[in-house]
Amino acid sequence: MSDVLRLCVGLAMTFFLGGMLLTLIRLFRGPSVPDRVVALDLCSALTVGFIATYCVYTGKSVFLDNAVVLALISFLGTVAFARYLERRT
Amino acid sequence: MIKDLIIGLCLVLGSVFGFLAALGIVRLPDFYSRMQASTKAQTLALILVMFGLMLHFERLDVTTRSLVVLFFVFFTAPIGAHMIGRAAYLLRTPLWEGTVQDDLEGKYDYERRTLAGFAPPEEESDPPQS
């Protein structure tokens, strides 16, 4: 891995982790339940991106399976929350 | 060298978009604008990162799995945003006080959870016992 790529991977991981921290702020502070659900969805999407960056960092592609599964699970979570919120009223 | 530069550019740009989505989710004033910021920027971020991944490995299995992730994100992010936005509107989540126009105002039948004026199919009465 060249120095340029190492630097870029480090920058990308930093941005992803900073984004996750910001979504956690909204997750704890969010005034309504849908706010929290959207923050959780974005957090898992950022995690998918982080896993992809980690694949580049280690040079092993096995971690990409986790990204596929996480992309599916986060969608299921969002849909489940949306149905639950809608039926509760 | 050039390839590494392109990969790094894709990764950094994608992560910057992810960071901007998170920033939008913290800074924007009401739920609907937050949802819009998160959904669009998250899709763009994952496109760029997965493209960088494909370029880095240049293998068929990695490319296929990256495309699967992109496929899921492309199809599930709008559906999820639509469902959670509808649920939020039915919960009467307040709009930003600077909102100029709410096109759905007064058009929702909150009891039946449909648009007012849209007649849902009649409830089937009990089927005859036979």
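If you read the sequences in order, they're chains A and B. Residue 1256 is where the first sequence starts when you use the numbering used here, and the numbers rise one by one after that. Residue 27 is where the second sequence starts when you use the numbering used here, and the numbers rise one by one after that. All residues carry an ideal CB built from backbone N, CA and C; glycine is no exception. Since the model is a prediction, treat every value here as computed from it, not as a measurement.
- Of the other Cβ atoms in all chains shown, fewer than 16 fall within 10 Å of the Cβ of residue 1258 of chain A; this residue is therefore exposed.
- Using a C-beta cut-off of 8 angstroms, the stretch 1321 to 1328 of chain A makes no contact with the stretch 44 to 58 of chain B, since fewer than three inter-stretch Cβ pairs fall below that distance.
- Taking C-beta atoms as the reference points, residue 37 of chain B and residue 78 of chain B count as a pair closer than 8 angstroms.
- When only Cα atoms are considered, residue 1265 of chain A and residue 140 of chain B end up about 48 angstroms apart.
- With its beta carbon at least 8 angstroms from every one in chain A, residue 142 of chain B lies outside the interface.
- Note that the C-beta distance between residue 1301 of chain A and residue 44 of chain B is below 8 angstroms.
- Under DSSP, the beta-bridge partners assigned to residue 140 of chain B are B:135.
- In this structure, residue 93 of chain B sits away from residue 32 of chain B, with a CB-CB distance that is not shorter than 8 angstroms.
- In summary, residue 1256 of chain A is exposed, with fewer than 16 beta-carbon neighbours lying within 10 Å of its beta-carbon over all protein chains present.
- Residue 81 of chain B: member of the alpha helix (DSSP H) spanning 57 to 83, first to last residue.
- When DSSP states are grouped into helix, strand and coil, residue 1341 of chain A belongs to the helix group.
- Inclusion of residue 106 of chain B and residue 1296 of chain A in the CB contact set at 8 angstroms is warranted, their separation being smaller than that value.
- Beta-carbon to beta-carbon, residue 110 of chain B and residue 1278 of chain A are separated by about 15 angstroms, too far to satisfy the 8 angstroms threshold.
- Residue 40 of chain B sits buried, since 16 or more C-beta atoms from the chains shown fall within 10 Å of its C-beta.
- Taking a 10 Å sphere around the C-beta of residue 1285 of chain A, we find 16 or more other C-beta atoms and assign the residue as buried.
- DSSP, reduced to helix, strand and coil, places residue 1329 of chain A within a helical segment of the structure shown.
- Short of 6 angstroms from the beta carbon of residue 72 of chain B, and not among the five residues preceding or following it, lie these beta carbons of its own chain, in chain order: 99.
- For residue 103 of chain B, the closest of B:29, B:56 and B:63 by C-alpha to C-alpha distance is B:63.
- In the structure shown, the three-state DSSP call for residue 1287 of chain A is coil.
- Among the residues of chain B, none has a CB under 7 angstroms from the CB of residue 1318 of chain A; the nearest is roughly 10 angstroms distant.
- One finds 37, 40, 41, 75, 78 and 79 in chain B with Cβ atoms closer than 9 angstroms to the Cβ of residue 1308 of chain A, taken in chain order.
- At a cut-off of 8 angstroms between beta carbons, residue 1328 of chain A makes no contact with chain B.
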